[in-house]
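Colleague:
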Amino acid sequence: MAKLCLSFHVLALLLFFTGEMRTIEAVDGRTCQIAFVGCQVDSLCNQQCLEKYNGRGSCYRPPGTFISECMCWYPC
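Residue numbers (our numbering): 261 to 336.
#1: Give the secondary structure of Ser318 by DSSP, where H, G and I count as helix, E and B as strand, and everything else as coil.
#2: Grab the span of the beta strand (DSSP E) containing Gly332 for me, first residue to last.
#3: Taking the continuous beta strand (DSSP E) assigned at Gln300, which residues delimit it?
#4: Tell me whether Thr325 sits in a helix, a strand or coil according to DSSP, three-state version.
#5: Taking the alpha carbon of Cys336 as the point to measure from, which residue in Ser328, Pro323, Gly315, Cys330 has its own alpha carbon closest?
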């Protein structure tokens, strides 16, 4: 149990310090989504998504983590 807990903490730290562009892409019909670490304000996230991907975005925190991400939805 202790090894599992330690492994989880190491993984969480690695995810936290991996940089700004950890991306997750998923295709869902005609809308794709991508997330990158470092979201602070919804309006800034939305502006970045509009400029980079011609889409919309908002801050998002995945369940079980303390890392805030900018989640963008854009046309594939």
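Note that beta-carbon positions come from the ideal geometry of N, C-alpha and C, so glycine has one too.
Modeller: With the structure as the only source:
#1: Three-state result, Ser318: strand.
#2: Reading off the sequence shown, one finds Cys at residue 332, where the question assumed Gly. It spans 329–335 - the beta strand (DSSP E) in which Cys332 sits, taken as one unbroken run.
#3: Unbroken run through Gln300: none, as it is neither H nor E.
#4: coil
#5: Nearest Cα to Cys336 within the set Ser328, Pro323, Gly315, Cys330: Gly315.
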